[in-house]
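> The structure's right below; bear with me while I get my questions together.
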Amino acid sequence: MTKKPWLMLGEQCYVSLRMRYTRSKVYSGVKQHFCPKCQRGYTDRNNMIRHMRHQCGIPPKYKCPYCDHPSRFSHNVYAHVRRHHPQRDIYYVRIS
């Protein structure tokens with residue numbers, strides 16, 4: 025008989041053992057990876073690498089066309105426009 029890599033939680037909820045380990049690591053609060061520039065801590069190495077490439081020390085690339093709210097990510101500007109400028113066209117302005 026082979027072991028199944030799934031863990032049954034309750035009657036109909038199944039979670040893989042790998043996912044269970046990943047979630048417990050992320051929610052544990054233990055930060056093992058730190059940015060060498062700003063010392064911000066991350067539980068996952070890939071999150072730290074993304075931070076170093078796209079966030080740390082890099083000026084914002086996008087801004088809101090209505091109030092000049094800056095952001096490093098276009099999806100944040102879209103969310104900002106939806107939240108703070110309802111009934112307006114949803115787009116962003118690229119900062120040169």
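If you want our numbering, it's the position in the sequence shown, counting the first as 1, plus 24.
Every residue gets a Cβ at the ideal spot worked out from N, C-alpha and C, and that includes glycine.
Here the structure is a predicted model, which is why all the values come from computation and not from measurement.
#1: Among C91, V117, Q56, which one has its Cα closest to the Cα of S98?
#2: Quick check: what's the CA-CA separation for Y66 versus K55?
#3: Have a look at P94 and D68 and give me their C-alpha separation to the nearest angstrom.
#4: Starting from S98, trace the alpha helix (DSSP H) both ways and give me its first and last residue.
#5: On the criterion of 16 or more Cβ atoms from any shown chain inside 10 Å, does H78 qualify as buried, or is it exposed?
#6: Looking at the structure shown, is H93 part of a helix, part of a strand, or coil, going by DSSP?
#7: With a CB to CB cut of under 8 Å and the five nearest residues on each side skipped, what residues in its chain are close to K61?
#8: Quick check: what's the CA-CA separation for R112 versus Y86?
On the basis of the supplied data:
#1: Taking the first residue of the sequence shown as position 1, residue 98 is located at position 74. Minimum Cα distance to S98 is reached at V117.
#2: To locate residue 66, count along the sequence shown from 1; it is residue 42. To locate residue 55, count along the sequence shown from 1; it is residue 31. One C-alpha to the other measures close to 5 Å.
#3: Translated into positions along the sequence shown, residue 94 becomes position 70. Translated into positions along the sequence shown, residue 68 becomes position 44. One C-alpha to the other measures close to 27 Å.
#4: The sequence position of residue 98 within the sequence shown is 74, counting from 1. First-last of the alpha helix (DSSP H) with S98: 98 to 108.
#5: Along the sequence shown, read from residue 1 onward, the residue named residue 78 stands at position 54. Exposed, since its Cβ has fewer than 16 Cβ neighbours within 10 Å.
#6: Residue numbering aside, residue 93 sits at position 69 when the sequence shown is read from its first letter. Here H93 sits in coil by DSSP.
#7: In the sequence shown, the residue the question calls residue 61 occupies position 37. Excluding sequence neighbours, K61 sits near M76, C80, G81.
#8: Sequence index remark: in the sequence shown, residue 112 carries index 88 (1-based). Sequence index remark: in the sequence shown, residue 86 carries index 62 (1-based). Those two C-alpha atoms are separated by around 17 Å.
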